[in-house]
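In our numbering, the protein residues as written are 1 to 166.
Just so you know, even glycine gets a beta-carbon here, dropped at the ideal spot from N, CA and C.
Input: a single structure, listed below in structure tokens.
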Amino acid sequence: MKAPKFNYIKANSLQQTLELLDELGEEGRIIAGGQSLMPTLNMRLSQPNTLIDINGLQDLEGITLEGEIVKIGALTRHIDVAQSSIISEHLSLISKAMPHVAHVAVRNRGTIGGSIALADPAAEMPACALALGAIMVVESLKGRREIAAEDFFKGLYETERKPNEL
Ligand SMILES: Cc1cc2nc3c(=O)[nH]c(=O)nc-3n(C[C@H](O)[C@H](O)[C@H](O)COP(=O)(O)OP(=O)(O)OC[C@H]3O[C@@H](n4cnc5c(N)ncnc54)[C@H](O)[C@@H]3O)c2cc1C
Numbered sequence: 001m002k003a004p005k006f007n008y009i010k011a012n013s014l015q016q017t018l019e020l021l022d023e024l025g026e027e028g029r030i031i032a033g034g035q036s037l038m039p040t041l042n043m044r045l046s047q048p049n050t051l052i053d054i055n056g057l058q059d060l061e062g063i064t065l066e067g068e069i070v071k072i073g074a075l076t077r078h079i080d081v082a083q084s085s086i087i088s089e090h091l092s093l094i095s096k097a098m099p100h101v102a103h104v105a106v107r108n109r110g111t112i113g114g115s116i117a118l119a120d121p122a123a124e125m126p127a128c129a130l131a132l133g134a135i136m137v138v139e140s141l142k143g144r145r146e147i148a149a150e151d152f153f154k155g156l157y158e159t160e161r162k163p164n165e166l
């Protein structure tokens, strides 16, 4: 199968991304690692009008420890989470779960934000987020919202995130 035609925009800033999400609504779709999105496009299970590529937004990558809080950027790759000493020291459940996420090629590209946003009930990261009491930070042009994992995941592939929120 081949993907349907779509427009492609490589975002060059967070502000531009939020503006595009606001303008495009349901017709716009973020592409992060593309490991789940591309297969669904190729199988025509999803036909967004425009893909917004956030891979150039380095501010969304990285893992930091701030007091007792570990912050993981949405664009942090599975491989970087797996190799992080902050994660192994403070969130060992995630370190133990990560080797079970797909295989190396997928872990090299896939992101924690993509996994959380997708909310596949069989996926490891949403389960870890729930078990660890994670808080998701979503942002739109209207500002930021913090959503507890138990409120974020609403069902099969369904989350509290609105289409205009990153
Ligand atoms: C062969 C294969 C095996 C796999 N096995 C497993 C497994 O065993 N366990 C597991 O947990 N996962 C598995 N996965 C999924 C993999 O972990 C994906 O990388 C992950 O689910 C999605 O991450 P991504 O960055 O590739 O997201 P993408 O595919 O780019 O996006 C997925 C969805 O999330 C949205 N999205 C992405 N980032 C954001 C963001 N920052 N804000 C808002 N929306 C966003 C996209 O619009 C899209 O709807 C597998 C994938 C493949 C191809």
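query, result
"Curious, which full-length beta strand (DSSP E) runs of at least 3 residues does the stretch 20–72 contain?", "28–31, 50–53, 63–66 and 69–72"
"What's the C-alpha gap between residue 36 and residue 146?", "25 Å"
"If residue 27 and residue 49 are in contact, beta carbons under 8 Å, what's the gap, nearest whole angstrom?", "4 Å"
"With a threshold of 16 other CB atoms inside 10 Å of the CB of residue 94, please say whether the residue is buried or exposed.", "buried"
"Ligand 1 heavy atoms versus the CB of residue 170: any closer than 6 Å?", "Nothing can be reported for residue 170: it is not among the residues displayed for the chain, which extend from 1 to 166."
"Let me check one thing: in DSSP terms, what residues is residue 77 bridge-paired to?", "111"
"Hey, quick one: how far does the alpha helix (DSSP H) through residue 85 stretch, first residue to last?", "85–90"
"Expressed to the nearest angstrom, what Euclidean distance is found between the alpha-carbon atoms of residue 151 and residue 116?", "13 Å"
"What is the rounded straight-line gap between the Cα of residue 161 and the Cα of residue 138?", "7 Å"
"If you count every other CB in all the chains shown that lies within 10 Å of the CB of residue 122, and 16 or more means buried, which is it?", "exposed"
"For the stretch 101–108 against the stretch 68–83, do three or more pairs of beta-carbon atoms, one drawn from each stretch, fall closer than 8 Å, so that the two count as touching?", "yes"
"Express the C-alpha separation of residue 126 and residue 158 in angstroms, rounding to a whole number.", "12 Å"
"Count the other CB atoms within 10 Å of the CB of residue 144; is the residue buried (16 or more) or exposed (fewer)?", "exposed"
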